[in-house]
Amino acid sequence: MTDATTSPEYRDAADALPGLARRLSISELRLADDLPAYTLTLPRLPECARDARQMVSSALGYWGLGCAEDEAHILVTELMSNAVAHARRANVRVSVTRLDVLAVRIAVTDMSRTLPRIREVDGEAESGRGLAIIDALTRGRWGADPLPWGKCVWAEINTRKAQM
Numbered sequence: 002m003t004d005a006t007t008s009p010e011y012r013d014a015a016d017a018l019p020g021l022a023r024r025l026s027i028s029e030l031r032l033a034d035d036l037p038a039y040t041l042t043l044p045r046l047p048e049c050a051r052d053a054r055q056m057v058s059s060a061l062g063y064w065g066l067g068c069a070e071d072e073a074h075i076l077v078t079e080l081m082s083n084a085v086a087h088a089r090r091a092n093v094r095v096s097v098t099r100l101d102v103l104a105v106r107i108a109v110t111d112m113s114r115t116l117p118r119i120r121e122v123d124g125e126a127e128s129g130r131g132l133a134i135i136d137a138l139t140r141g142r143w144g145a146d147p148l149p150w151g152k153c154v155w156a157e158i159n160t161r162k163a164q165m
């Protein structure tokens, strides 16, 4: 693991993510407001969505939120798919943040400045529905934050809804 901290929370999280942590470079973060988060830099390749799903699943399991895994898998897969299709740099950054006891944010950061938007697609189109799926699953709790060098596209899961 890289970017390891020496905090007890990190050691516990590393123990909870053993197989994945050995294979990938997962970092545990504490954001400015002390929110727990995990982040992973991946190549911008379609097959890396699997690694993103594994990281998100491991974090949700560690937080006791495995009930939100199905929804989280769909969201991170769609976010990764958009980054793979539209970003132009070699890597993307995937993160999962526990906002509070009721919400988790999944985000993919890339180096494209083009902000995503929901498009109208005809019934025969084979792509173009990802953001509409994200919008429906999150009930509009998603967005894109512009950055000087790219953007961060995020979606939030209501974990209480997933527990029902």
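Here the sequence shown stands for residues 2 to 165, numbered as in my numbering.
Yeah, the Cβ is synthetic: ideal placement off N, Cα and C, and Gly gets one too.
Model, not experiment: these values are computed from the prediction.
Quiz prompt | Distance cut-off 7 angstroms: Gly131 Cβ against heavy atoms of the ligand FAD | solution = Of ligands this structure carries none, so the ligand FAD is not represented either.
Self-check item: Euclidean distance between Cα positions of Asp136 and Val85
Solution: If you draw a straight line from the Cα of Asp136 to the Cα of Val85, it is about 19 angstroms long.
Quiz prompt | Residue closest to Pro47, alpha-carbon to alpha-carbon, out of Thr160, Thr115, Arg118 and Ser82 | solution = For the residues Thr160, Thr115, Arg118 and Ser82, the minimum Cα distance to Pro47 belongs to Ser82.
Quiz prompt | Other residues of its chain near Ala91: CB distance less than 7 angstroms, five sequence neighbours each side excluded | solution = Excluding five sequence positions before and after Ala91, the CB atoms of its chain that fall closer than 7 angstroms to its own CB belong to Pro44 and Arg45, given in chain order.
Quiz item: Ser113 by DSSP, collapsed to three states: which one?
Solution: Shown here, Ser113 sits in coil according to DSSP, grouped into three states, outside any helix or strand.
Quiz item: Would you report the Cα separation of Lys152 and Tyr39, rounded to the nearest angstrom?
Solution: One C-alpha to the other measures close to 18 angstroms.
Quiz item: Going by Cα to Cα distance, which pick from Val109, Leu116 and Ser58 is closest to Cys68?
Solution: Closest option to Cys68, Cα to Cα, is Ser58.
Exercise. Rounded to whole angstroms, what's the CA-CA distance from Thr78 to Arg161? Just pull it up for me.
Key: So the two alpha carbons sit approximately 21 angstroms from each other.
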